[in-house]
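Protein chains in written order, with our numbering: chain A, -14 to 146; chain B, 32 to 395.
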């Protein structure tokens, strides 16, 4: 439990640092304000500068292990909740003897497996047919060569009556 | 007469600025009630097209040019599974498809469709050696061509690369746009967030099934939270009186918010085999009964990358040129973001004519 608390405190500290850095960087942009230019242009420049430093500061934070731990905890929590809700619904469906999401997924998976087995078999057959084709071609070529070799000997001279 | 005060304030400039700002604000105010009407004018795809092939949810569109195509070898656009593909044909003057159609290519585009729960067990192998192979065979038969040209964008580029490595005899030229190949880089946030220490992809997919479109949309928004959530609406309000800006904005936002779910198993394979284990660059990516070996790619390759890409940094795309066996290969790093590479005005004017010309020289 103390580990979780320490983690929580670290995350709060990191978040606090993020905001402190954000405000400090924004203040540095404001310090560049010059009254020489018209206010509308200066405001746009300030705004653009502020958003730029905020984006950079937050990008840095989004890369920290602490943020990613927080993201992991949040996502896992949401997934656990969804799983609990789904398991609960599955129980209800089971009691009412109606199909649940799990049953439908099971059927889809079974169809998928059958499809996969059929396709694999078809690919195997396709390869075998291709092999047979090659063998037949080779045999045809051999026969053609033999016929070419025997043909000149079998020729008879033609004489006209 | 010097109009500056003792503090160096230029009174004349202040006065002009105030007047200009007042009138601009008036124009903004007058334009606001017409926003809804402008939003309704958004169309998804502008080049005339017909459906020539369908399989399950997949459709292949054939784009109709003004005359007969100049080239026999068809060109097939392969887009990602996470968004709709009409970004390739966004609007007049912002259409990659139109560039190739005008150049005389017989152009096709694959719309993967929207996966349902029944599709949650579809794998990358089903897409590459199933759907994509069937589409390519259909186009070869339809055009009487031995090979096809492939143009892949983002995840579609990764799929096209895998296809070419396995079926090189069917691909004449390969053009890639912001395509992820080497996922070892830690430049992009998604590379960090999918680290196995922080992201249990098996738990995620086993619980969710298909990855919801909302989840993907949130992830993309979080890559640049301030730009997407604060700067963008401010820019819209500032420029609401400029018709061209507003039109471009609505076209882009319509597409950006038009995400679709990704089949669970495809997502699992991409997260595990690519982002976490980086198997593609090691030539060990399993795809059904195949192992993808990038060294088997020998066709001409054009690799287009965006310098300011947060989703697919250049360091993720660039290594491909050194991993393939092609002798005719080129890479272009363009100063744009992930989407700007495709549809920005400057890219349309300077980059795409060059890319089209590259393909014209290598096709028949």
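Where a beta carbon is used, it is the ideal one built from N, C-alpha and C, also for glycine.
Counting along the chain, the unbroken alpha helix (DSSP H) around residue 62 of chain A starts and ends at 50 to 80. Neighbourhood of residue 113 of chain A in chain B, by CB distance below 7 Å: empty, with the nearest CB roughly 15 Å away. Between residue 95 of chain B and residue 79 of chain B the beta-carbon gap is near 5 Å, inside 8 Å, which marks them as a contact. Annotation: residue 215 of chain B has no Cβ neighbours in chain A at a cutoff of 8 Å; minimum Cβ distance is about 16 Å. Not a single CB atom of chain B sits nearer than 8 Å to the CB of residue 3 of chain A. Three or more beta-carbon pairs separated by less than 8 Å link the region 275 to 291 of chain B to the region 113 to 124 of chain B, which places the two stretches in contact. Assignment of residue 337 of chain B by DSSP, reduced to helix, strand and coil, places it in the strand class. In the DSSP annotation of this structure, the continuous segment of the beta strand (DSSP E) that includes residue 92 of chain B starts and ends at 89 to 94. Around residue 379 of chain B, the same chain offers 124, 125 as residues with beta carbons nearer than 7 Å, after the five sequence neighbours per side are excluded. Distances from the alpha-carbon of residue 67 of chain B to those of B:286, B:183, B:281 put B:281 closest. Note on residue 347 of chain B: 16 or more other CB atoms within 10 angstroms of its CB, so buried under the neighbour-count rule.
Counting only the Cα atoms, residue 113 of chain A lies some 44 Å from residue 342 of chain B. Counting C-beta pairs with one atom in each stretch, the region 50 to 65 of chain B and the region 267 to 274 of chain B have three or more that are closer than 8 Å, which means they touch. For residue 45 of chain A, no CB of chain B lies under 8 Å from its own CB, so it is not counted at the interface with that chain. The beta carbon of residue 263 of chain B does not come within 8 Å of any beta carbon belonging to chain A, so the residue lies off that interface.
Inclusion of residue 305 of chain B and residue 214 of chain B in the CB contact set at 8 Å is warranted, their separation being smaller than that value.
Scanning chain B for C-beta atoms nearer than 7 Å to the C-beta of residue 36 of chain A yields 257, 261, 262, reported in chain order.
Scanning its chain for C-beta atoms nearer than 6 Å, with the 5 sequence neighbours on each side dropped, one finds around residue 197 of chain B the residues 321, in chain order. One finds nothing in chain A with a Cβ atom closer than 9 Å to the Cβ of residue 303 of chain B; even the nearest lies about 16 Å away. At the C-beta level, residue 83 of chain B and residue 190 of chain B stay beyond 8 Å of one another. Scanning chain A for C-beta atoms nearer than 7 Å to the C-beta of residue 149 of chain B yields 93, reported in chain order.
Listed by position along chain A, the residues whose Cβ is nearer than 8 Å to that of residue 52 of chain B are 25. Taking a C-beta distance under 8 Å as the contact criterion, residue 143 of chain B and residue 88 of chain B qualify as a contact pair.
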